[in-house]
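K.L.:
Before anything else, here's the structure in question.
There are 2 protein chains.
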Amino acid sequence: MSKQEISASVIRRLPRYHRFLGALCKKGIVRISSKELSEQMGLTASQIRQDLNCFGGFGQQGYGYNVCALYDEIGRILDTAAHHRAILIGLGNFGRAIASHVRFPECGCELIGLFDANPFVAGKDLRGMPVHHIDTLAGFCHQEHPEIAILCVPDSAVQQLAEKLCTLGVKAFWNFTHCDLQLADPSVLVENVHLADSLLMLTFGLHRDDQSDSAT
Amino acid sequence: MSKQEISASVIRRLPRYHRFLGALCKKGIVRISSKELSEQMGLTASQIRQDLNCFGGFGQQGYGYNVCALYDEIGRILDTAAHHRAILIGLGNFGRAIASHVRFPECGCELIGLFDANPFVAGKDLRGMPVHHIDTLAGFCHQEHPEIAILCVPDSAVQQLAEKLCTLGVKAFWNFTHCDLQLADPSVLVENVHLADSLLMLTFGLHRDDQSDSAT
Chain G
58 MSKQEISASV IRRLPRYHRF LGALCKKGIV RISSKELSEQ MGLTASQIRQ
108 DLNCFGGFGQ QGYGYNVCAL YDEIGRILDT AAHHRAILIG LGNFGRAIAS
158 HVRFPECGCE LIGLFDANPF VAGKDLRGMP VHHIDTLAGF CHQEHPEIAI
208 LCVPDSAVQQ LAEKLCTLGV KAFWNFTHCD LQLADPSVLV ENVHLADSLL
258 MLTFGLHRDD QSDSAT
Chain Z
58 MSKQEISASV IRRLPRYHRF LGALCKKGIV RISSKELSEQ MGLTASQIRQ
108 DLNCFGGFGQ QGYGYNVCAL YDEIGRILDT AAHHRAILIG LGNFGRAIAS
158 HVRFPECGCE LIGLFDANPF VAGKDLRGMP VHHIDTLAGF CHQEHPEIAI
208 LCVPDSAVQQ LAEKLCTLGV KAFWNFTHCD LQLADPSVLV ENVHLADSLL
258 MLTFGLHRDD QSDSAT
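For the protein sequence lines, the chains are G and Z, in the order given. When we follow my numbering, the leftmost residue of the first sequence carries the number 58, and every step to the right adds one. When we follow my numbering, the leftmost residue of the second sequence carries the number 58, and every step to the right adds one.
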């Protein structure tokens with residue numbers, strides 16, 4: 058099956074499989090059953106078999122999955138060996154943290170430029186990389202052709218900036234503002250990251266547990 | 058339908074509905090059809106009708122949804138008006154950014170304590186809140202009873218720390234390390250946040266687009 062045909066929800070789960078299989082591979086584990094993998098990952102064994110069946114026959118009855126072969130195959134589908142050129146814009150607390158915290162090479166990306174509108178921030182270095190002033194963005198894009206822009210700017214600035222970056226050839230946005238970015242060109246990729254969504258899952262869960270307790 | 062009966066995947070989408078409906082409410086928009094909402098949110102209209110049907114009849118044929126009533130109802134389900142007490146541990150770049158960037162009150166949470174193992178960080182202030190030394194954690198928990206712990210510590214420290222926090226009464230973990238946290242007590246809530254997962258979706262998407270281009 059070509060990877061175009063794998064459903065979006067399976068694709069969304071691939072990074073998680075990749076992470077768990079990578080950890081098993083590092084531990085020297087050669088094979089694993091869907092049952093063992095399900096216990097570690099908190100998914101059902103049948104979900105795992107169904108997901109992994111989408112892209113080939115690495116599981117064998119009575120043997121399980123070949124851990125490293127499956128890890129490599131998922132890495133190939135996700136394209137983790139790529140070197141997509143990324144720029145990060147907005148070097149406030151959050152932008153600096155993203156620049157330092159995220160393991161870009163493991164995600165098939167290379168961080169090639171940092172930008173900020175504040176002249177006191179631009180000109181300085183972050184982890185050995187110079188921070189450029191935002192006014193130099195167009196020239197940089199014409200020369201370096203970044204494909205991905207990581208947006209850590211104030212909410213009010215994000216839409217206009219993203220539209221400008223589209224005209225400069227950026228094809229994918231990793232958006233950390235509190236706004237959902239919407240762009241006219243449907244071929245442009247957008248990942249709106251809302252950290253608070255997962256915190257709300259904890260709030261919801263605590264509330265539900267409180268209600269269960271008081272019902273018993 | 059009680060909220061216990063709403064499926065986990067619908068619950069995961071609720072923060073997104075809440076965000077979009079909140080923005081519409083602020084703009085003074087009184088009602089919206091599933092079709093209009095679907096265009097704004099990038100979901101299908103039938104998905105939206107199906108999701109929102111799970112918790113009551115706010116949509117009416119030919120009228121659409123009452124925006125503010127639906128926003129309030131989703132907020133009630135998520136419990137956004139709660140004041141769950143949260144502590145954040147690990148005030149490196151990333152922890153400081155989380156403490157500053159996340160809108161805790163909108164997520165039903167209150168940040169009541171900051172902790173770090175570094176004696177040069179502990180004792181200082183962050184946004185008017187004192188940073189405590191990690192050695193004072195047990196005493197603090199006995200006194201203040203935080204329910205949520207936000208973990209921004211090094212990967213190698215996270216498992217042991219979380220286990221200790223469980224014994225101190227913490228019921229929910231928001232984990233920002235690169236490790237998937239696994240705890241023995243199934244009633245403890247864990248949200249493992251892997252930022253890189255969404256970056257990998259961009260890498261995957263760029264790769265797929267490249268392949269489509271070269272196939273045409």
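Glycine residues also receive a C-beta, built at the ideal position from the N, C-alpha and C atoms. Predicted model, so just to flag it, every value in this text is computed and none were measured.
State the Cα-Cα distance for the pair Z:D212 and Z:R106, rounded to the nearest angstrom.
P.N.:
Roughly 41 Å between the two C-alpha positions.
K.L.:
Do Z:C198 and Z:L145 come within 8 Å of each other at the CB atom, strictly closer than that value?
P.N.:
It is not a contact, given that the beta carbons lie outside the stated cut-off.
K.L.:
Could you give the DSSP three-state label for Z:I86: helix, strand or coil?
P.N.:
Three-state DSSP puts Z:I86 in coil, outside helix and strand.
K.L.:
How would you call Z:K228, buried or exposed, if buried means at least 16 neighbouring beta carbons within 10 angstroms?
P.N.:
Burial call: buried.
K.L.:
Assign G:N249 to one of two classes, buried (16 or more other C-beta atoms within 10 Å of its C-beta) or exposed (fewer than that).
P.N.:
The residue is buried, with at least 16 neighbouring Cβ atoms inside 10 Å.
K.L.:
Does the distance from the C-beta atom of Z:G132 to that of Z:A139 stay below 8 Å?
P.N.:
No, Cβ-Cβ distance for Z:G132 and Z:A139 is not below 8 Å.
K.L.:
Using the C-alpha atoms, what's the distance from G:P176 back to Z:L127?
P.N.:
Distance between the alpha carbons of Z:L127 and G:P176: 44 Å.
K.L.:
Taking all protein chains shown into account, decide if G:G165 is buried (16 or more other Cβ within 10 angstroms of its Cβ) or exposed.
P.N.:
By the 10 Å Cβ count, G:G165 comes out buried.
K.L.:
If I follow the unbroken beta strand (DSSP E) through Z:E167, where does it start and stop?
P.N.:
Unbroken beta strand (DSSP E) run through Z:E167: 166-173.
K.L.:
What in chain Z is Cβ-close to G:S275, meaning under 9 Å?
P.N.:
Since the displayed chain G opens at 58 and closes at 273, residue 275 of chain G lies outside it and no answer follows.
K.L.:
Return no unless some Cβ of chain G is closer than 8 Å to the Cβ of Z:I205.
P.N.:
Yes, contact with chain G.
K.L.:
What are the residues that DSSP puts in a beta bridge with Z:L327?
P.N.:
No information on residue 327 of chain Z is available, as it lies outside the stretch 58 to 273 that chain Z covers here.
K.L.:
Mind listing which residues of the stretch 235-260 of chain Z have their C-beta closer than 9 Å to chain G's C-betas, in chain order?
P.N.:
Listed in sequence order: H235, C236, D237, Q239, S244, L246, V247, E248, N249, V250, H251, L252, A253, D254, S255, L256, L257, M258, L259, T260.
K.L.:
Roughly how many whole angstroms lie between the Cα atoms of Z:R184 and Z:R265?
P.N.:
Straight-line Cα distance between these residues: approximately 43 Å.
K.L.:
Would a check of beta-carbon distances place G:D192 closer than 8 Å to chain Z?
P.N.:
With 8 Å as the cut-off, G:D192 does not count as an interface residue toward chain Z.
K.L.:
Residues bridged to G:V247 by DSSP?
P.N.:
Answer by DSSP bridge pairing, in chain order: G:F230.
K.L.:
Compare the C-alpha of Z:T224 against each of Z:D242, Z:I89, Z:I134, Z:H235 and name the closest.
P.N.:
Here the closest residue by C-alpha is Z:D242.
K.L.:
For a contact meaning CB atoms closer than 8 Å, what does Z:P72 contact in chain G?
P.N.:
Those within 8 Å of Z:P72 in chain G are H251, A253, D254, L257, M258.
K.L.:
Can you tell me which of the three DSSP states G:A241 falls into?
P.N.:
Correct three-state label for G:A241: coil.
K.L.:
In this structure, how does DSSP classify Z:Q117 when only helix, strand and coil are distinguished?
P.N.:
In the structure shown, Z:Q117 sits in a strand (DSSP, three-state: E or B).
K.L.:
Do Z:V67 and Z:I89 come within 8 Å of each other at the CB atom, strictly closer than that value?
P.N.:
Going by C-beta atoms, Z:I89 is not nearer than 8 Å to Z:V67.
K.L.:
Going by the CB atoms, is the gap between Z:L263 and G:E201 shorter than 8 Å?
P.N.:
Going by C-beta atoms, G:E201 is not nearer than 8 Å to Z:L263.
K.L.:
Distance check for Z:L100 and G:L240, CA to CA, integer angstroms please.
P.N.:
Near 15 Å, if we compare the C-alpha coordinates of Z:L100 and G:L240.
K.L.:
Assuming G:I105 is part of the alpha helix (DSSP H), what are its boundary residues?
P.N.:
That run of the alpha helix (DSSP H) goes 102-110.
K.L.:
Give the DSSP-derived three-state secondary structure of Z:Q61 in the structure shown.
P.N.:
Because Z:Q61 sits at a pLDDT of 49, beneath the cut-off of 50, its placement in the model cannot be relied upon, and the point is left open.
K.L.:
Taking Cβ to Cβ, would you say Z:H141 is nearer than 8 Å to G:T260?
P.N.:
Going by C-beta atoms, Z:H141 is nearer than 8 Å to G:T260.
K.L.:
Looking only at its own chain, which residues have a Cβ that is under 7 Å from the Cβ of G:G282, when we skip the five neighbours before and after it?
P.N.:
Because residue 282 of chain G is not part of the residues shown, which for chain G are 58 to 273, the question remains open.
K.L.:
Judging by CA-CA distance, which residue of G:R70, G:N150, G:I86, G:Q216 is the nearest neighbour of G:Q104?
P.N.:
The shortest C-alpha separation from G:Q104 is found at G:R70.
K.L.:
Going along the stretch 119-136 of chain G in order, which residues come within less than 8 Å of chain Z, judged by CB to CB distance?
P.N.:
For the stretch 119-136 of chain G, which is checked against every Cβ of chain Z, the residues closer than 8 Å are I134, L135, D136.
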